[in-house]
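**Q**
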Amino acid sequence: MGCFLKKIYFTFFGLFILGTTIGINVFANHSNEGSFTLQQLLNEAEEGSLEIKETENVYKSIEFEHNSKLGLMMPELLIEGALLSTKYEDESASGNSIYGKAKWNLYRGGKDINQIDKSQFNSRLAKVRLEAVKAKVYRDVFRSYYELLFLLESFDLKRNAIEMNQEQMTLGKVKKNSGFTSSVDVIEFELREATLSSDLKMLTQQIAEKSKELSIILGRNNSDFSNLVKGHLIRDTTMELTKGEVIEHLREKNVTLAAVQTEIQISEKNVEIVKSNFLPSVDFEAAYGKLSSEERIFNGNDNYMFALKISVPIFSGFETLNQVKSAQFRLLAAKAVATRQYLSVAAEVENEFLKLSILNDRLNIEEKNLSKAEEYYKITLGEYRRGIKNSPDMVGASERLLLVKIRNLEYRKEYYLAKLKVYEFISSYPNRYATYDASGLPH
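Our numbering applies: residue 589 is where the sequence shown begins, and numbers increase by one.
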């Protein structure tokens, strides 16, 4: 009789433990968050990103190069001097000269203005690339932030699952000691704990790698990122951009398409530059001072020279003609590339919006699955308390609930990443997330 009462005592004690502790952690919450909000990370990236600094310097270099081309339209002023000693037959001459000189190209078939326009296109493209790099860095911060949130919340779910498993194992040991089950009950829980512990180690490594990756994006010298991000992977299926808006702005805002469009403009200018070799050129030259020629020095100090030179090309061995044809075919090739690139990017836009729609549907399904998995867990828990179910059933229900929760988190993350891809098409980033509340969540 005493032995029977002892079994009853252990059984009800174990059930009490199971009922009062296991149910507490069914809904895991992300508690191991750090203090870095998304806004703080974006501000830090804007100031410290090495990728932004590199592109800014490239843009400044190209801008100054463009400014240098403006000198083609301006006169050239210089001072020339010479020491001269000559002897032709019985005549010899020697002396030195110094004079001011001005040279000005008045017309060269439009070559100068086309070269200036060409450099201006390069400057515009460099500016577009700078803005695109800034948007890319911001998106990289968003991406790393969401991926870190996923890893941190997955870590919490796994850690809570270990705690639940340990509590279930405690009950299994009580039931085993009471003679209700064999050691198989306990082994089942031990195996699951080993698997979950291994998963935690892998997640710890992934968190460290992702943290270092974020540090590089931010331009930090120290890759240690012990203070992690703050926030939660809430479900947000709002999309500020429509497919029509994205496609409408592709040609002007997509970096790839802007680049090929600029290549077309540059190719058009190259055609004009080469064609200018068919046209005459007009140059003006003037000099004043102590002048000289190849043969002699003119002793007077008040000499001057004015010249208007006209050069008309007659024949260049078909060199210019072939250069024009080459430039024209390069222009046709650039236009073909532009059309192909546009069709490719437009197709990607279609696919990404389809992906967003499917992810939204899958999230709806997963949320229903989560409710069912929670209900299934509760039913199994009740039957396990009454001895109807055994440890494999309990482990299976717990594992199913955990997998559904992680999959739900993963789809949320994937939805965020798909949205970022949409912004990437037009070299932008989610401006709607410019402000954040104290918890780091967008509002």
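Ideal placement from N, C-alpha and C gives every residue a C-beta, glycine not left out.
Could you check which residue in I701, Q628 and N631 has the C-alpha nearest to that of L658?
**A** I701
**Q** By a C-beta neighbour count over all protein chains shown, 10 Å radius and 16 as the cutoff for buried, is K763 buried or exposed?
**A** buried
**Q** What is the rounded straight-line gap between the Cα of L989 and the Cα of I805?
**A** If I take the Cα positions, the gap works out to 35 Å.
**Q** In angstroms, rounded to a whole number, what distance separates the CA positions of I861 and E1012?
**A** 35 Å
**Q** Just verifying my parser: in three-state terms, what is the DSSP assignment at N891?
**A** strand
**Q** Tell whether a beta-carbon distance below 7 Å holds between S1015 and K831.
**A** Not closer than 7 Å, so no.
**Q** Specify, as a first and last residue, the run of the beta strand (DSSP E) that N693 falls within.
**A** Element bounds for N693: E679 to Y695.
**Q** Secondary structure at S899, three-state DSSP: helix, strand or coil?
**A** strand
**Q** Considering only the beta carbon of each residue, do V992 and R780 sit closer than 7 Å?
**A** no
**Q** F624 bridges to which residues according to DSSP?
**A** Partner(s): V817.
**Q** With the cut-off set at 7 Å, would you say Y965 and A985 are in Cβ contact?
**A** Remark: C-beta atoms of Y965 and A985 approach each other more closely than 7 Å.
**Q** Starting from the C-beta of T609, find all residues in its chain whose C-beta is less than 7 Å away, skip the five residues before and the five after it, and write them out in chain order.
**A** Reliability fails at T609, whose pLDDT of 39 lies under 50, so the model's placement of it is uncertain and no value is given.
**Q** Tell me whether I822 sits in a helix, a strand or coil according to DSSP, three-state version.
**A** coil
**Q** Given A961, which residues of its chain have a CB within under 7 Å of its CB, disregarding the five upstream and five downstream residues?
**A** R988, L989 and V992
**Q** What residue from F872, K897 and Q916 has the CA that sits closest to K863's CA?
**A** Q916
**Q** For G877, count neighbouring C-beta atoms within 10 Å of its own C-beta (all shown protein chains included) and say buried if the count is 16 or more, exposed if not.
**A** It is buried - the Cβ of G877 has at least 16 other Cβ atoms within 10 Å.
**Q** Residue range of the alpha helix (DSSP H) that G970 falls in?
**A** E907 to R973
**Q** Say the cut is 6 Å; is the CB of L759 nearer than that to a heavy atom of the ligand NAP?
**A** The model depicted lacks the ligand NAP and carries no ligand whatsoever.
**Q** How is the beta strand (DSSP E) around L666 delimited, first residue to last?
**A** First-last of the beta strand (DSSP E) with L666: E664 to Y676.
**Q** Between the Cα of F894 and the Cα atoms of K691, E907, L821 and A723, which residue gives the shortest distance?
**A** K691
**Q** Check whether the region 680 to 700 and the region 725 to 743 touch, using three or more Cβ-Cβ pairs below 8 Å as the test.
**A** no
**Q** If we ignore side chains and look at the alpha-carbon of each, how far apart do P1018 and R839 end up?
**A** 20 Å
**Q** Across which residues does DSSP place V870 in a beta bridge pair?
**A** Y695 and I898
**Q** What's the gap between the Cα of S637 and the Cα of L629?
**A** 11 Å
**Q** Kindly give me the distance between the Cβ atoms of G819 and L737, rounded to whole angstroms, as I take these residues to be in contact under 8 Å.
**A** 6 Å
**Q** I need the straight-line Cα distance from L896 to A874, nearest angstrom please.
**A** 9 Å
**Q** If you drop the 5 nearest sequence neighbours on each side, which residues of the same chain put their C-beta closer than 8 Å to that of F709?
**A** T850, Q853, I854 and K857
**Q** Below 7 Å between beta carbons: does that hold for V937 and V834?
**A** At a Cβ-Cβ threshold of 7 Å, V937 and V834 count as neighbours.
**Q** Is the beta carbon of S682 sitting closer than 7 Å to the one on S673?
**A** yes
**Q** Who are the near neighbours of G611 in its chain, counting only those whose CB is closer than 6 Å to its CB and skipping five residues on each side?
**A** Confidence in G611 is poor, its pLDDT being 39 and thus under 50, which makes the residue's placement too unreliable to answer from.
**Q** Assign G760 to one of two classes, buried (16 or more other C-beta atoms within 10 Å of its C-beta) or exposed (fewer than that).
**A** buried
**Q** Is the distance from the Cβ of V721 to the Cβ of E664 below 7 Å?
**A** no
**Q** Could you check how far apart the C-beta atoms of L816 and S803 are, in whole angstroms? I think they sit under 8 Å.
**A** Between S803 and L816 the Cβ distance is about 12 Å, and since that is not below 8 Å, they are no contact.
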